[in-house]
Every structure is written in C-alpha cells, then in structure tokens.
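These notes are about the structure you will find just below.
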Amino acid sequence: MRRDIFQAIADPTRRAIIALIAVQAMTPNAIAENFNSTRQAVSKHLRILTECELVKQAHNGREIYYSLEIKKMKEIDQWLEQFRQIWETRFNQLDHVLTTIKKRKK
Amino acid sequence: MNASLFFDFTVNKEDNTIHIQREFAANLPLVWRAWTESELLDQWWGPQPWRAETKTMDFRVGGYWLYAMVGPAGEKHWSRADYLTIDQEKSFSQRDGFCDENGTINPAFPQNLMTNSFLQQEKTTLVNMLLRFDSFEALEATIAMGFKEGMTTDFNQLDELLNRQKAL
Chain A
5 MRRDIFQAIA DPTRRAIIAL IAVQAMTPNA IAENFNSTRQ AVSKHLRILT
55 ECELVKQAHN GREIYYSLEI KKMKEIDQWL EQFRQIWETR FNQLDHVLTT
105 IKKRKK
Chain B
3 MNASLFFDFT VNKEDNTIHI QREFAANLPL VWRAWTESEL LDQWWGPQPW
53 RAETKTMDFR VGGYWLYAMV GPAGEKHWSR ADYLTIDQEK SFSQRDGFCD
103 ENGTINPAFP QNLMTNSFLQ QEKTTLVNML LRFDSFEALE ATIAMGFKEG
153 MTTDFNQLDE LLNRQKAL
C-alpha cells in the first residue's frame with residue numbers, strides 16, 4: 005500500500021517526532037520518553053513515517069536509531085512552492101487584465 | 003510583481019487546506035467579473051506558459067466551466083469546475099477535477115474544493131480563497147497532471163513582460 009506522505013505529517017505526534025529526530029538520530033525508547041503515549045504507539049508512528057520514507061533507520065548494535073530523511077521533506081515543500089508560484093503567476097496575469105480593462109473604460 | 007498588493011499563501015498540513023489571500027487594484031464588481039466570466043478567465047487562469055481555453059461555461063449553481071489548459075506545444079489538459087454555491091459579488095465555491103473534452107470527470111484523479119470570497123476595501127478588492135484537498139497527495143497529483151511541462155519557466159521573464167506593459 006502506498007502511504008500518503010501528507011497524511012503522515014498531518015498527525016501532530018508524527019510532526020513532533022520529525023521535529024525531535026531532525027536534531028539527532030534517536031532510538032524508539034528515547035523518542036517515546038518525550039510523549040505520553042505508549043512505546044507501541046510511537047513504534048506505529050515510526051513505522052508509518054518509515055513507510056513514507058520520511059525517516060530512515062540505522063542499526064547500532066541492538067539499537068535502532070531513527071533519523072530524518074531530509075530530501076523527502078524538501079520534496080514536499082517543493083510541491084507546495086510550485087503551487088504557490090502557479091497562483092502568483094495567475095494573480096500577476098490577473099493584475100494585468102484588470103489594468104487593461106480599467107484603461108479601456110477611461 | 004506588484005509588491006504593494008497583499009499576497010498570503012498559508013498551508014495547513016493538518017487539515018489539507020491552503021488559504022490564499024490576494025488584493026487586486028480594482029473595485030469588486032470588476033474583480034468578480036474577472037473570476038466568473040470565461041472571456042476574462044481565459045486571459046489569466048492559465049499560468050504562463052500555459053493558457054486557459056474555455057469550451058463552455060455556465061456560471062450557475064449546478065452549472066460548470068469546461069476548459070482546457072493549453073501547453074506550449076499545443077497539448078490540452080481538460081478540467082471541469084462545478085459550481086456548488088454562488089452568492090452574487092460575495093462568494094462562490096466550486097469543485098475542480100480533471101476530465102475529457104466532453105466534461106466526463108476522470109475518477110482516477112482527485113477533486114478539490116475551492117471557496118472564494120470577495121471583499122471591497124478602500125482602494126482594492128481582497129479575494130480570500132480556501133482550497134480543500136482530500137489529501138495533499140491529491141495536490142501533488144493536481145500539479146503533476148496540470149502543469150508538468152513548462153513549470154520551470156523563468157519567472158523573471160514574466161516580471162519583465164509585466165514591467166514592460168506597465169511602462170507603456
């Protein structure tokens with residue numbers, strides 16, 4: 005099943021996890037200490053984030069460290085930035101249309 | 003770019019909405035026409051190098067606007083906007099989707115809701131837009147489908163064009 009990246013980051017806990025591991029790679033236990041939810045709940049969030057390729061795992065002995073996949077996060081912002089630019093372009097074109105009509109009226 | 007006109011683009015990833023606000027240097031009736039008459043929409047709705055080409059438009063609740071986004075090489079992507087609510091010169095809402103040239107919606111692509119409100123200010127008109135997507139992946143699909151080619155256009159080129167026109 006293909007996960008929806010944006011649904012993944014829509015969840016406040018998952019966004020908080022992203023913010024935590026953006027600073028440094030962390031184990032699930034260390035991440036769970038920051039939340040009132042159970043270790044199982046945090047593991048589930050981590051699994052979703054991993055499936056979306058928003059986080060990556062690194063094994064160090066018996067511990068698994070989670071860190072942020074920065075490239076993927078940037079991709080999301082790029083889509084939104086493109087969308088913003090589409091509207092900016094449209095609006096600038098609309099400015100021109102309005103100016104032209106107003107001139108014609110005079 | 004017109005730096006003096008207010009523009010805000012706020013993404014809310016929690017509820018899959020984008021809130022856009024933009025001021026226009028014209029009075030409300032004219033701005034309203036530019037958003038609701040096909041001859042005017044065709045002049046600005048297609049972001050360069052795309053242009054919008056209306057096939058039919060019926061601006062009524064239950065009616066729809068059928069148009070193509072025509073690309074630089076003449077390729078056409080058909081879209082359809084169904085009008086859900088209209089409050090004359092105040093606000094209207096529409097559902098947008100991709101379709102074929104006969105207006106048959108392509109269910110493989112997500113649809114999104116757009117509500118536009120218009121507010122007369124002292125010297126300008128403020129347009130408030132609320133775009134609601136099923137998911138942001140739907141937005142990704144919208145952009146990929148509608149504007150894949152040509153979005154790398156040099157926006158400076160457009161700025162120049164606008165400045166030249168202003169100088170005339």
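Residue numbers (our numbering), protein chains in the order written: chain A, 5 to 110; chain B, 3 to 170. Every residue gets a Cβ at the ideal spot worked out from N, C-alpha and C, and that includes glycine. Just so it is clear, the structure is predicted and the values come from calculations on it, not from any experiment.
Determine the chain B residues that contact residue i at a beta-carbon separation under 7 angstroms, and present them in chain order.
i	result
ARG88(A)	PHE11
LEU84(A)	VAL13
Classify residue i as helix, strand or coil using the three-state DSSP reduction.
i	result
MET5(A)	The predicted model places MET5(A) with a pLDDT of 43, which falls under 50 and marks its position as unreliable, so this point remains unresolved.
TRP52(B)	coil
ASP60(B)	coil
LEU86(B)	strand
ALA70(B)	strand
ARG66(A)	coil
PHE87(A)	helix
Of the choices the options, whose alpha-carbon is the least far from that of residue i?
i	options	result
MET77(A)	ALA36(A), PRO32(A), LEU53(A)	LEU53(A)
VAL13(B)	ASP81(A), ALA12(A), ARG66(A), VAL27(A)	ASP81(A)
ILE105(A)	ALA28(B), TRP52(B), THR58(B)	ALA28(B)
ALA75(B)	TRP34(B), LYS57(B), PRO51(B)	PRO51(B)
MET174(B)	LYS125(B), ASN118(B), GLN123(B)	With chain B running from 3 to 170 in the structure shown, residue 174(B) is simply not present.
ALA23(A)	LEU72(A), PRO32(A), ARG51(A)	LEU72(A)
What does residue i reach in chain B if we use C-beta pairs closer than 9 angstroms?
i	result
LYS48(A)	The premise fails here: LYS48(A) is roughly 19 angstroms from chain B at the closest Cβ pair, so nothing lies under 9 angstroms.
In chain A, which residues lie with their C-beta within 7 angstroms of the C-beta of residue i?
i	result
PRO49(B)	ILE90, THR93, ARG94
ARG175(B)	In the structure as shown, chain B starts at 3 and stops at 170, and residue 175(B) therefore has no counterpart that could be examined.
Whose Cβ in chain B lies nearer than 8 angstroms to the Cβ of residue i?
i	result
LYS106(A)	ALA28, LEU32
So which residues on chain A does residue i lean against when the C-beta distance must stay under 9 angstroms?
i	result
GLN45(B)	GLN97, LEU98, HIS100, VAL101, THR104
ALA36(B)	LEU98, VAL101, LEU102, ILE105
LEU141(B)	PHE10, TRP83, LEU84, PHE87
Which chain A residues are close to residue i, counting only those with a beta carbon under 8 angstroms from its beta carbon?
i	result
LEU86(B)	The premise fails here: LEU86(B) is roughly 21 angstroms from chain A at the closest Cβ pair, so nothing lies under 8 angstroms.
Checklist entry - Taking Cβ-Cβ distances below 7 angstroms as the criterion, which residues of the segment 102-131 of chain B are in contact with chain A? => result From the segment 102-131 of chain B, no residue has a Cβ closer than 7 angstroms to chain A.
Checklist entry - Just checking, does the segment 55-62 of chain A make contact with the segment 33-40 of chain A on the three C-beta pairs under 8 angstroms criterion? => result Touching, no.
Checklist entry - Are at least three pairs of beta-carbons, each pair with one atom in the segment 17-31 of chain B and one in the segment 129-140 of chain B, less than 8 angstroms apart? => result Between the segment 17-31 of chain B and the segment 129-140 of chain B, the count of C-beta pairs closer than 8 angstroms reaches three or more; the two stretches touch.
Item to check | Under 7 angstroms (Cβ pairs) to chain A, residues found in the segment 63-74 of chain B | outcome: Going along the segment 63-74 of chain B in chain order, one finds no residue with a Cβ nearer than 7 angstroms to chain A.
Item to check | Any 3 or more C-beta pairs closer than 8 angstroms across the segment 79-87 of chain B and the segment 98-111 of chain B | outcome: Short answer: they touch.
Next on the checklist: By the 9 angstroms beta-carbon criterion, what residues does the segment 48-70 of chain A contribute toward chain B?
Outcome noted: The residues in question: there are none.
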